[in-house]
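Residue numbering for the sequence shown follows this note's numbering, starting at 384 and increasing by one per position. Here is the structure we will look at.
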Amino acid sequence: MLYSPEIPQNTGNISRTCAVTGAVLHIIKPIGFEISDRTLKRAGLDYWDKLEIYYYENYEEFESKHRGSPMYYFSSKGKRCYAEVDYPEECFLVFGRETAGLPEELLRKNLENTLRLPMLGDRRCLNLSNAVAIATYEVLRQGGFEGFVTEGALS
């Protein structure tokens, strides 16, 4: 789930990651660009027809529709490492906007499920689309990549 994304290229890359992994993309408005923006479409390339995507007017609408679902909030302010979690098969990975992250009050309400990606201490943050890919593939890895092609064709 993307909370008010601002950069179309990141959202396009994340859309592509969702399409190739079968993950559903949820986006909270406002969005910092036109959803028809050509850079967004270009970053997703020819995967738009393979993407399941939902839009919400605000976080409250998203939360009310998915109450009780496991949610993990990613932030550089998180105390737990994303790799320390045993993710359930169905869960939400929640990411904030590129310039501000997730609202602090949301993180405070969900401290136990606020996670971070390790990085050097004097660095601000990782690119959003990279963070989404890392977290998504950790959930898939824990599930044994069931249903995924895991071997290449080269011999």
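Here a beta-carbon is modelled for each residue, glycine too, at the ideal position from N, C-alpha and C. Nothing here was measured: the structure is a model prediction, and the numbers come from that model.
- As the crow flies, the alpha-carbon of Val-477 is around 17 Å from that of Glu-467.
- With fewer than 16 other beta carbons inside 10 angstroms of its own, Cys-464 counts as exposed.
- For Arg-524, the enclosing alpha helix (DSSP H) covers residues 511-525.
- For Gly-479 and Val-522, the gap between their C-alpha atoms comes out near 19 Å.
- One thing to note: Tyr-442 has its Cβ within 8 Å of the Cβ of Tyr-386.
- Within 10 angstroms of the beta-carbon of Tyr-437 lie fewer than 16 other beta-carbons, which makes it exposed.
- Annotation for Ile-397: no beta strand (DSSP E) segment contains it, though the alpha helix (DSSP H) segment containing it runs 391-404.
- According to the DSSP assignment, Arg-491 belongs to the alpha helix (DSSP H) that extends over 487-492.
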